[in-house]
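Worksheet: one structure, shown below.
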Amino acid sequence: MKARRNKKQIPSFRKLLKTSKVKLENKLKNKQFKQQSTLKKYRKEQRKLRQAVKDAVSKKPIPLEDPKEKRPGKRIEREEEEEEEALPLDMMDEDDLQLMRDLGQRASFLTRDLSSSEPVHAKKRKHERVIDKYEKIPRTLQTAPEKELIHLLPIKDKSGIIPQTREKPVTDSNQDEEDQEELELEEEIVEDPIQELTLEEHLIERRKKLQEKKMHIAALASAILSDPESNIKKLKELRSMLMEQDPDVAVTVRKLVIISLLELFKDITPSYKIRPLTEAEKSTKIRKETQKLREFEEGLVSQYKFYLENLEQVVKDWKQRKLKKSNVVSLKAYKGLAEVAVRSLCELLVALPHFNFHNNIIVLIVPLMDDVSKSISEMCCDAVKKLFKQDKLGQASLGVIKVISGFVKGRNYEVRPETCIT
């Protein structure tokens with residue numbers, strides 16, 4: 003008889019490889035499923051343990067001897083319930099029982115958080131370490147500060163030399179500061195009573211102040227005239243006196259300063275127009291004399307500009323009948339101050355037609371030709387007439403005519419006749 007041929011074909015290598023992959027995947031899935039099942043079991047046992055703890059805490063203590071022995075039915079029911087609760091433990095595996103025993107040994111209902119998995123006595127040991135560290139720190143009591151001793155000369159006795167000491171008196175620095183502040187406050191409060199001056203005494207005091215101011219103005223002006231290039235900074239000091247704040251002499255001092263500066267500018271101003279320097283001229287090296295002349299010209303132009311601005315502000319404040327809150331000049335006295343300022347502008351218009359800011363002076367003077375005040379109007383008209391007569395080049399006169407023409411058109415030809423007659 004012929005041997006039976008095995009009809010089963012030998013699986014190819016590709017098929018073997020495919021089946022091995024499937025097996026590996028199944029193994030991995032089984033492993034993951036087992037891990038999940040063990041985790042579920044562990045969580046379930048944890049929940050049961052927590053529930054048992056809660057029940058033990060909430061359950062009332064049962065006496066050792068039940069006084070109600072006549073009710074055997076309830077005791078039987080209780081025993082049956084305990085047996086039913088114990089059933090799941092009998093049905094567990096050995097590994098699960100061992101895990102439960104370990105958890106039961108670690109459990110401490112007073113010091114352990116049941117949700118944590120760290121050892122029971124870890125926190126207690128840590129707390130004991132903190133206490134030990136605290137106990138090792140040396141104690142310091144709040145004692146009184148040690149008193150400093152001063153060593154005196156010793157005394158010699160039959161028994162020997164006896165050292166002598168004395169306590170140094172402790173002074174409180176805060177108390178000393180408070181006492182000093184109180185003394186300072188008392189000194190500030192105790193002031194000399196203000197003496198009320200009579201009219202004659204007040205006039206004498208005013209004359210004395212005015213004389214001092216006049217001497218100061220004269221000293222500054224003479225120093226500037228003697229050497230303008232070296233003392234150009236004193237021109238600024240003199241101009242700052244236009245803001246005199248003493249109410250007794252404010253008006254008189256300001257008038258004197260305006261007139262003094264007018265005469266100074268007429269004397270020290272050069273016969274040419276000073277132009278600003280270019281960047282190239284500033285960067286080039288020059289001699290000391292030339293540098294000194296440049297500084298003088300720059301200082302002169304800046305102070306002349308500020309002087310004209312001060313005069314313009316005086317005239318504007320008077321025209322608007324407006325005084326500053328901090329102003330010490332009354333409105334009545336402001337008119338005299340404004341007249342002095344206008345006179346100075348008129349003289350500068352005639353005396354310095356070639357110098358800087360002449361067009362600005364024209365713009366200030368022309369509207370004042372039509373002013374309500376007759377004295378100021380006549381003063382400005384006379385200044386314009388003088389300028390027309392002595393102007394040989396005609397450039398300054400042309401500037402005045404242009405400004406007058408624009409002013410008359412702006413007023414719709416409603417101006418005083420003196421404005422056009424000039």
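Going by the numbering used here, the residue at position 139 of the sequence shown is 141; the numbering climbs one at a time, nothing skipped.
Where a beta carbon is used, it is the ideal one built from N, C-alpha and C, also for glycine.
- Cβ-Cβ distances below 7 angstroms link A398 to P355, H360 and L389 in the same chain, with the five nearest sequence neighbours on each side left out; the list follows chain order.
- Look at E169 here: in three-state DSSP terms it is strand.
- Across the structure, L30 and V24 are spaced so that their CA atoms are roughly 10 angstroms apart.
- The closest CA to that of L244, considering only K235, S224, A225 and I219, is found on I219.
- For L354, the secondary structure class from DSSP, reduced to helix, strand or coil, is coil.
- Residue environment for P230: buried (at least 16 other C-beta atoms within 10 angstroms of its C-beta).
- The stretch 233-241 and the stretch 296-313 touch, with three or more beta-carbon pairs separated by less than 8 angstroms.
- With contacts defined by Cβ atoms closer than 8 angstroms, V405 and I378 do not form a contacting pair.
- Residue state for K158 is assigned as strand, using DSSP reduced to three classes.
- CA-to-CA, the gap between D372 and V352 works out to about 19 angstroms.
- Per DSSP, S377 is one residue of the alpha helix (DSSP H) stretching across K376 to Q392.
- Between the C-alpha atoms of L155 and E169 there is a straight-line separation of about 14 angstroms.
- A58 has its alpha-carbon roughly 20 angstroms from the corresponding atom of R45.
- Residues of the same chain with a CB within less than 6 angstroms of the CB of I270, apart from the 5 flanking positions on each side, are P230 in chain order.
- Residue environment for D319: buried (at least 16 other C-beta atoms within 10 angstroms of its C-beta).
- Your pair K211 and D248 checks out as a contact, with CB atoms roughly 7 angstroms apart and the cut at 8 angstroms.
- Inter-residue distance for H153 and I163 is about 14 angstroms (C-alpha atoms, whole angstroms).
- A distance of 8 angstroms or more separates the beta carbons of V402 and G338.
- According to the DSSP assignment, T280 belongs to no alpha helix (DSSP H), since it is labelled neither H nor E.
- Taking D393 as the centre and dropping the five residues before and after it, the same chain places the C-beta of P355 and S399 closer than 7 angstroms to its C-beta, in chain order.
- Here DSSP, grouped into helix, strand and coil, assigns L151 to strand.
- For A223, the closest of E214, Q213, L201 and L266 by C-alpha to C-alpha distance is L266.
- In the DSSP annotation of this structure, T200 is not part of any alpha helix (DSSP H), being labelled neither H nor E.
- Considered as a whole, the stretch 205-283 harbours no complete run of any beta strand (DSSP E) with no fewer than 3 residues.
- Exclusion of the five residues before and after A385 leaves C348, L351 and V352 as the residues of its chain whose Cβ lies within less than 6 angstroms of its Cβ.
- The alpha-carbon of L41 is positioned some 11 angstroms away from that of Q34.
- Here the C-alpha atom of K411 lies approximately 55 angstroms from the C-alpha atom of E202.
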